[in-house]
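Here the structure is laid out as structure tokens; the discussion comes afterwards.
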Amino acid sequence: MLAGDIKRLIVRGKIYDLGQPYFSGMPHHPNHPPFAFVLTKKHGDVMYPNEVSAANCLFTTGGHTGTHLDSRGHVSHRGRVYGNLKAERVQSYGGGLKGVGIDTTPPVVRRGILLDVAGALGKRVLPNAFPVGRRELEAAAKKERVTLRSGDVVLVRTGWARYWKDPVKFVATEKGAPGVILDGAEW
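Residues in the sequence shown are numbered consecutively from 516, following my numbering.
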């Protein structure tokens, strides 16, 4: 995508907040650390001259928490990450994922296309483990009357976000959540 195209899209485009709120007890996969927040100092706990005080908090979170973009090194297969790199050569506890960590991902500014797969199938929410493939994405694009172009970012609505405040249902470790399968990703 050319810089001129990006500028034109930004002038005409809209910005949508795709984030989910963070809260203690929010959904997280059992393999990942939970989000935690605590107010460690309340106003009045420590006083400065002229009756000034400050509150302070502490929060911790894993890198795979909430609404986020996975790094190219997040998943491995047979000991190799994106680019066919040996995971053992690019990872360290103190240094993270060298060259394939999220810190190497530039900002993403693209035309965004929302494909409402749940709506195209006449559902508010797709069922557990529903596979979203090429056929479902094409049907949603046809219903939305949208043509995808090279460089577009496709967002897929499954309806699953409605379960965000129910961590067990949202994470769905036993039954699985709906999502894009390989032929959908390749499409």
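From the three backbone atoms N, C-alpha and C, an ideal C-beta is built for every residue, glycine too.
- Query: Taking the alpha-carbon positions, what's the ILE696 to LYS529 distance?
  - Reply: Along the sequence shown, read from residue 1 onward, the residue named residue 696 stands at position 181. Along the sequence shown, read from residue 1 onward, the residue named residue 529 stands at position 14. Rounded to the nearest angstrom, the two C-alpha atoms are 28 Å apart.
- Query: Which same chain residues, not among the five before or five after GLY610, have their C-beta less than 6 Å away from its C-beta?
  - Reply: Counting from 1 along the sequence shown, the entry for residue 610 is found at position 95. Contacts found: none.
- Spatial neighbours of ASP631 within its chain, please: CB distance less than 8 Å, with the 5 preceding and 5 following residues excluded, ordered by chain position. Start at 1 with the first residue of the sequence shown, and residue 631 comes out as number 116. ALA655, LYS658, GLU659, ARG672.
- Query: What's the C-alpha gap between GLY588 and LEU612?
  - Reply: For the purposes of this step, residue 588 is identified with residue 73 of the sequence shown, where counting begins at 1. For the purposes of this step, residue 612 is identified with residue 97 of the sequence shown, where counting begins at 1. Spanning the two alpha carbons is a distance of roughly 7 Å.
- Item | 8 Å Cβ cutoff met for TRP675 and ALA700 | Position 160 of the sequence shown, counted from the first residue, corresponds to residue 675. Position 185 of the sequence shown, counted from the first residue, corresponds to residue 700. Not closer than 8 Å, so no.
- So what's TYR531 in DSSP terms, helix, strand or just coil? As a working mapping, residue 531 is identified with position 16 in the sequence shown. Reduced to three states, the DSSP call for TYR531 is coil.
- Message: I'd like to check one pair, ASN571 with THR555: are the Cβ atoms closer than 8 Å?
- Response: Taking the sequence shown and counting its residues from 1, one reaches residue 555 at position 40. Taking the sequence shown and counting its residues from 1, one reaches residue 571 at position 56. Contact: yes.
- Would you tell me roughly how many angstroms separate the C-alpha atoms of LEU629 and VAL605, rounded to the nearest one? By 1-based counting over the sequence shown, the position of residue 629 is 114. By 1-based counting over the sequence shown, the position of residue 605 is 90. Between LEU629 and VAL605, the C-alpha separation is close to 34 Å.
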